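Residue numbers (this note's numbering): 212 to 453.
Glycine is no exception: its CB is placed at the ideal position from the N, C-alpha and C atoms.
Here the structure is a predicted model, which is why all the values come from computation and not from measurement.
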Amino acid sequence: MKYLWIFIPLLLLGIILNIMVGEVIIPVNKLLDPPQVYRVIILDIRLPELLACIVVGANLSVAGAVMQSLFRNPLAEPYVTGTASGALLGALIGLLISITSRIGSSFSIVLMPVSSFIGAMVAIALVLTFGRGGWLSLVLAGIGVSIMFSSIVMMIDTYLLTIIPTLPAIVYLLFGTVSGINWNEDLAMACVSLPTMTYIIVSAREVNLLMMSDEVAQAGGVNPGFSRAIFITLTGLLTAIS
212 MKYLWIFIPL LLLGIILNIM VGEVIIPVNK LLDPPQVYRV IILDIRLPEL
262 LACIVVGANL SVAGAVMQSL FRNPLAEPYV TGTASGALLG ALIGLLISIT
312 SRIGSSFSIV LMPVSSFIGA MVAIALVLTF GRGGWLSLVL AGIGVSIMFS
362 SIVMMIDTYL LTIIPTLPAI VYLLFGTVSG INWNEDLAMA CVSLPTMTYI
412 IVSAREVNLL MMSDEVAQAG GVNPGFSRAI FITLTGLLTA IS
């Protein structure tokens, strides 16, 4: 905490540079009262992308911190546990369904986040099933699940690009870009992220007790099985919408 005063100015500097730098360089003296062209670039392109980066970063940070406590493993985080790969596979399957079937656009918008969440939960379930032998087994199971899901993602990606060569959405999805995101998508992410992270922060005592041991958690009035299931679900949700 004593170095917090160093990181806050760096964060503000990064935000300003993010708004200024791009294909079009916006002079610093134009930020407060930009011309119409710059205003469109700032309000419709760079600020939505900046907000998306902040929300995604916060989601993955909170999810990683909770996973480290639940698994009692300092290496646990969405990528090591395979949750991110599972979410990506689920999102890609949702995209595949929406492309190859005749469903309404409103349903397809909901399909990808839902399928991404299901993929994340499947990954967590597999890691917990095969990683019961301790922290090393957990890490190895997470790496194995991540590699397996990543391989399936590449297979589906290759198939889709074969039948639909001009499909930039697949490439954007694989690279995790926020390019092209808008305020409505930011709002949708925030509406899920903020309540979820608020609940986790308010319930930090339960997370800390679970990090110690199930016996300590029970002594503190926490149901270990129920609370762990809730927090695992929430970490999967945060990873999926990221």
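Beta carbon of I308 nearer than 8 Å to that of L322: yes
Contact belief for V364 with G353 at Cβ below 8 Å, rounded distance in angstroms: No, V364 and G353 are not in contact; Cβ-Cβ is about 16 Å, not under 8 Å.
Cβ neighbours of I452 in the same chain (closer than 7 Å, five flanking residues each side left out): N270, P324, M400, V403, S404
Candidates V277, I227, S296, I329: closest to M359 by CA position: S296
Run of the alpha helix (DSSP H) containing L421, from where it starts to where it stops: 415–423
Selection from Y290, S272, L421 that minimises the alpha carbon distance to V356: Y290
Reduced DSSP secondary structure (H/G/I, E/B, other) of F341: helix
Rounded distance between the beta-carbons of N229 and R257, thought under 8 Å: 7 Å
8 Å Cβ cutoff met for A263 and I392: yes
Per-residue DSSP class, three states only, for D397: helix
Residue closest to A334, alpha-carbon to alpha-carbon, out of A430, I226, T446, R283: T446
Residue range of the unbroken alpha helix (DSSP H) whose run includes N229: 215–231
Cβ distance (whole Å) where A298 is taken to contact T450 below 8 Å: 5 Å
Test item: CB-CB of N419 and S326 under 8 Å: no
For F360, the three-state DSSP class (helix, strand or coil): helix
I304 classed as buried or exposed, judged by whether at least 16 other C-beta atoms fall within 10 angstroms: buried
Supposed close pair S390, E260 - CB separation, criterion 8 Å: 7 Å
CB-CB length for I411 against V277, believed under 8 Å: 6 Å
I256 (DSSP reduced to helix, strand or coil): helix
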